[in-house]
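Colleague:
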Amino acid sequence: MEYQNSMKISFMSKSQNEAFARVAVAAFVSQLDPTVEEISEIKTAVSEAVTNAVIHGYEDMEGEIFLSCTIKDNLVEITISDKGKGIEDVSRAREPLYTSKPELERSGMGFTVMEAFMDEVEVESVKGTGTTVIMRKRLTSI
Amino acid sequence: MEYQNSMKISFMSKSQNEAFARVAVAAFVSQLDPTVEEISEIKTAVSEAVTNAVIHGYEDMEGEIFLSCTIKDNLVEITISDKGKGIEDVSRAREPLYTSKPELERSGMGFTVMEAFMDEVEVESVKGTGTTVIMRKRLTSI
Amino acid sequence: MNVSYFVKRENLIVRIIGEIDHHSSEMIREKIEREYVRQNVKNIIFDFSDINFMDSSGIGVIMGRYKSVRERGGKLGVYSVNPQIDRVFQLSGLYKNKIINPYSSLEEAISNI
Amino acid sequence: MNVSYFVKRENLIVRIIGEIDHHSSEMIREKIEREYVRQNVKNIIFDFSDINFMDSSGIGVIMGRYKSVRERGGKLGVYSVNPQIDRVFQLSGLYKNKIINPYSSLEEAISNI
Ligand SMILES: Nc1ncnc2c1ncn2[C@@H]1O[C@H](COP(=O)(O)OP(=O)(O)O)[C@@H](O)[C@H]1O
Ligand SMILES: Nc1ncnc2c1ncn2[C@@H]1O[C@H](COP(=O)(O)OP(=O)(O)O)[C@@H](O)[C@H]1O
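Here it is, written out as structure tokens:
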């Protein structure tokens, strides 16, 4: 039978919670004995998606961010969603260097980093309703 | 105005999640710049309450554990609850060295550790319905 | 989590690297018991230098080992306990009730146990 | 999170201890800008030895500093980047596009920037 585990977190859209979210996911995933590199990739991808929810989803207003993580054998699936402003054009948003907030010194590399560090990244977004990012990664360590 | 932040976690009653829960709470609380001692006390108290939910609440069967943490200025409040078997006699359960599972080499020191390491510990439990532990600690670091 | 051992005179020295909680304690208990049964020693001395977390599950492990060593007329010792974990030991009365004796080094433990 | 500086020849050396994410980047940016304005130097060299986490917010910080140094005809350098963070730099094309040059040590950075 396959090994399964899951957790869900919700937290306020404060920039302080970016570090909290990535450390919490790393702590959860560490039961699979990932490599240092895998943990670092997952932390970075989580940080990108949570930061986007804080900056772009809620534009620094108060909102709630939802994160869930499930483990099935060596497959990790992480879902991060907000009920914020949503993305009008997802394919443009995913282009490297595209950012709607250059004035905040955003690099536009968030989605590119998520895609490079995870095996799969799905983005579902409805303008005015919110955004959900689903990321999957199969760990080599098992 | 006072500083506020909050998060909620839910996870399966697996022993692997004891480490996850205490590290997640430590990561959340670390925004208050706690001392090493304070972090260690909080981690230990969380570990005790989560372990109790796993071992005693659900008796190693599958169930969901709920954890929430709120910060108001330098006050940390942590709530850990399960929908498991509940505690018949809470005051006896809180006595040092009392354990209902000596065969598992439990020491009966869980509640005593929580009380020593946190400022306040409240236990609400209904037989057959579940248990909620609320712990508060005011950090000196701010 | 990693448990290693060596024998010195009548003592089994057990070094645990990692965290002692309910999850890890089952494995730790099993490993120590197996080794203690195998070795012809009396005492168990714990090297705590590489343990950075322990909750009351660790107290259960110590009390369980106390039962085992008593059957052979042996004792328990521990050295290099960090201050936070020391408080858990104190709280549980393990030192006061002479269930386990704290030392500052392996040498001190071996000469005084 | 901690930012410290020193000046060597025409270079402001910036050492950051901690993690660079969106939360910390605002403070990092402000501190570096303030110091760069105050000092009569051209280049900024980042000491990355004590940074164990950086996401794309760090790329934004670098690109922003690139704009500042260019106004004075200066350049950006970085040394002691760990492998994971190096991949974020690579991905963003910062090395390829000569926005920042990687070095293995402070000495190498100062002589070659
Ligand atoms: N959760 C979100 N809610 C609304 N818009 C988003 C969200 N995530 C990303 N976006 C949009 O996609 C763009 C590109 O995102 P990203 O690649 O992470 O770069 P950056 O965050 O640096 O702008 C953002 O500038 C923003 O317009
Ligand atoms: N969440 C819970 N659900 C049901 N019973 C519990 C729970 N937490 C504690 N108890 C009861 O209280 C007793 C004392 O708990 P504790 O002081 O933590 O010691 P220990 O876990 O070592 O038994 C337990 O043995 C158990 O009977």
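Residue numbers (the numbering used here), protein chains in the order written: chain A, 1 to 142; chain B, 1001 to 1142; chain C, 2001 to 2113; chain D, 3001 to 3113. Idealized CB from N, CA, C, for every residue including glycine.
Please go through the same chain and pick out, in chain order, the residues whose beta-carbon is closer than 6 Å to the beta-carbon of residue 52 (chain A), but skip the five residues on each side of it.
Modeller: Around residue 52 (chain A): 110.
Colleague: Assuming residue 77 (chain A) contacts residue 134 (chain A) under a Cβ cut-off of 8 Å, what Cβ separation, rounded to an integer in Å, is found between them?
Modeller: With a Cβ gap of about 7 Å, residue 77 (chain A) and residue 134 (chain A) count as contacting.
Colleague: Can you pull out the residues from the region 1002 to 1032 of chain B whose beta carbon lies closer than 7 Å to at least one beta carbon of chain C?
Modeller: So the list reads 1015, 1016, 1018, 1019, given in the order they occur along the chain.
Colleague: Could you check the C-alpha separation between residue 2048 (chain C) and residue 3081 (chain D) for me, to the nearest Å?
Modeller: Computed Cα separation, rounded: 34 Å.
Colleague: Give the range of the alpha helix (DSSP H) segment to which residue 1040 (chain B) is assigned.
Modeller: First-last of the alpha helix (DSSP H) with residue 1040 (chain B): 1036 to 1052.
Colleague: Secondary structure at residue 2077 (chain C), three-state DSSP: helix, strand or coil?
Modeller: Note: residue 2077 (chain C) maps to strand in three-state DSSP.
Colleague: DSSP three-state call for residue 3 (chain A): helix, strand or coil?
Modeller: Correct three-state label for residue 3 (chain A): coil.
Colleague: Do residue 1118 (chain B) and residue 1094 (chain B) count as a contact pair if the criterion is CB distance below 8 Å?
Modeller: Their beta carbons are not under 8 Å apart, which means residue 1094 (chain B) does not touch residue 1118 (chain B) by this criterion.
Colleague: Please tell me whether residue 3091 (chain D) has its Cβ less than 8 Å away from any Cβ of chain A.
Modeller: Closer than 8 Å: yes.
Colleague: Pull up the CB-CB distance for residue 38 (chain A) and residue 139 (chain A), whole angstroms please, since I reckon it's below 8 Å.
Modeller: Indeed they touch by this definition, with Cβ atoms about 6 Å apart.
Colleague: Could you pull the start and end residues of the beta strand (DSSP E) that residue 3051 (chain D) belongs to?
Modeller: First-last of the beta strand (DSSP E) with residue 3051 (chain D): 3051 to 3054.
Colleague: Give a yes or no on whether 8 Å exceeds the smallest Cβ distance from residue 1051 (chain B) to chain C.
Modeller: Closer than 8 Å: yes.
Colleague: Measure the alpha-carbon distance for residue 116 (chain A) versus residue 92 (chain A) and round it to whole angstroms.
Modeller: Each residue's alpha carbon lies about 17 Å from the other.
Colleague: Below 8 Å on the Cβ atoms is my contact criterion, and I expect residue 2068 (chain C) with residue 2033 (chain C) to pass it. Report the Cβ-Cβ distance as a whole number of Å.
Modeller: With 8 Å as the limit, residue 2068 (chain C) and residue 2033 (chain C) qualify as a contact, their Cβ atoms being about 7 Å apart.
Colleague: For residue 1065 (chain B), list the residues DSSP reports as bridge partners.
Modeller: B:1011, B:1082, per the DSSP bridge assignment.
Colleague: Shorter than 8 Å from the beta carbon of residue 1092 (chain B) to some beta carbon of chain C?
Modeller: Closer than 8 Å: no.
Colleague: Is residue 3058 (chain D) near ligand 4 - that is, is its Cβ less than 7 Å away from at least one heavy atom of it?
Modeller: You won't find ligand 4 in this model; what it holds is ligand 1 and ligand 2.
Colleague: How would you label residue 1097 (chain B), buried or exposed, when you count the other beta carbons within 10 angstroms and need 16 or more for buried?
Modeller: Exposed.
Colleague: Below 8 Å on C-beta distance, what does residue 2063 (chain C) contact in chain B?
Modeller: Per Cβ cutoff of 8 Å: 1105, 1107.
Colleague: For residue 130 (chain A), name the three-state secondary structure that DSSP assigns.
Modeller: Looking at residue 130 (chain A) - three-state DSSP - the assignment turns out to be strand.
Colleague: Taking a contact to mean a Cβ-Cβ separation below 8 Å, would you say residue 3092 (chain D) touches residue 107 (chain A) in this structure?
Modeller: Contact: yes.
Colleague: Whether or not the region 2095 to 2113 of chain C and the region 3015 to 3031 of chain D are in contact is what I'm after, with contact meaning three or more pairs of Cβ atoms, one per stretch, closer than 8 Å; do they touch?
Modeller: No, the region 3015 to 3031 of chain D is not in contact with the region 2095 to 2113 of chain C.
Colleague: Quick one: using the 10 Å Cβ neighbour count with 16 as the cut-off for buried, is residue 1003 (chain B) buried or exposed?
Modeller: That one is exposed.
Colleague: Could you work out which residue in A:27, A:128, A:75, A:12 is closest to residue 1069 (chain B) when comparing CA atoms only?
Modeller: Checking every option, the nearest Cα to that of residue 1069 (chain B) belongs to A:12.
Colleague: For residue 2101 (chain C) versus residue 2077 (chain C), is the C-beta distance shorter than 8 Å?
Modeller: Contact: yes.
Colleague: Please state the DSSP three-state secondary structure of residue 3004 (chain D).
Modeller: Strand, per DSSP.
Colleague: Roughly how many whole angstroms lie between the Cα atoms of residue 1054 (chain B) and residue 1030 (chain B)?
Modeller: The alpha-carbon atoms of residue 1054 (chain B) and residue 1030 (chain B) are separated by roughly 25 Å.
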